[in-house]
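Residue numbers (my numbering): 144 to 198.
Here is the structure we will look at.
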């Protein structure tokens, strides 16, 4: 897998997590633990993207 493919895959995963996070936040009784975990995952992916694109 090339670097560009890896970054694209990470960006797609980040986008999917964003959608899942929005869905969870808009539920009548959102689960704060799930929200925290989704945000943590998004941040880890964003950090990885930055690491790969800005050596």
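Where a beta carbon is used, it is the ideal one built from N, C-alpha and C, also for glycine.
All values derive from a computational prediction rather than experimental measurement.
query: Check each candidate in 194, 181, 198, 191 and name the one with the smallest Cα separation from residue 161.; result: 181
query: Taking only three categories from DSSP, how would you classify residue 148?; result: helix
query: Quick check on residue 188: buried or exposed, where buried means 16 or more other Cβ atoms within 10 Å of its Cβ?; result: buried
query: Can you tell me whether residue 170 is helix, strand or coil according to DSSP?; result: coil
query: Taking C-alpha atoms, which residue in 144, 197, 147, 185 lies nearest to residue 163?; result: 185
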